[in-house]
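Letter by letter, the sequence shown follows residues -20 to -1, 1 to 181 of mature numbering (1 follows the signal peptide of the UniProt record, and there is no 0).
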Amino acid sequence: MTFRHVFTQVTMLVLASSLAVPVDKNSEKLQNISEAKRHGKRNVDCTDGLSIHVYCPPDYEVPEPSPIIQQQVVHVPVPVPVPHPVPQPIQVPVAVPITKHIPVPVPVDRPVPVLKPYPVTVERIVPVDRLIPVTVEKQVHVPIDRAVPVPVPYPIEKVVHINRPYPVAVPKPYPVPVAVPKPYPVLPVPILKYRNPKCCL
């Protein structure tokens, strides 16, 4: 039975049912049973509840589903968002007066401010025979955390070391009278006590 033949029968039955002609219920059930047996399908009640026969076409044969072509699944990598670094606030150092007793915290990544030099009195030892002032004012940069070097003073007085024998009598250009021996013995004068003991060793 072709689709055109079925469509023609359905059209004719619809037109006939539109005339509202009553049909015997017994004959209608027999017709339904015969149609069900003829199609080899289940028994279908083809009444609409108003004693009007409606033709029921045979069950539609569902065609076999076409094989689904399995396509290869391609995994596309999802781009992962790269976290951007959070900008850190710039720490501005507070202007604190740099003194000798208050340490100023300075960040590591910033240059350390150079301290201003202050006058330091430096004593310089000079020879006595020169007319140079002993105290000289100089601008010397001394770090705060270090002690100021103090020069060790040494004696300024000139010390003349005499290392020579006792002076010998120089002959005079004029005649010297010879000592006349005394009639009495003359004791020698102890003159060594007036000499420098280091000069005649």
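By construction, the Cβ of each residue, glycine as well, lies at the ideal position given by its N, Cα and C atoms.
query: Inter-residue Cα distance where the pair is residue 63 and residue 54; result: 27 Å
query: Reduced DSSP category for residue 71 - H, G, I as helix; E, B as strand; rest coil; result: coil
query: Distance between residue 57 and residue -16 (C-alpha atoms, nearest Å); result: 57 Å
query: DSSP state of residue 44 mapped onto helix, strand, coil; result: coil
query: Three-way DSSP call (helix, strand, coil) for residue -12 in this model; result: helix
query: Helix, strand or coil at residue 60 according to DSSP, with G and I counted as helix; result: coil
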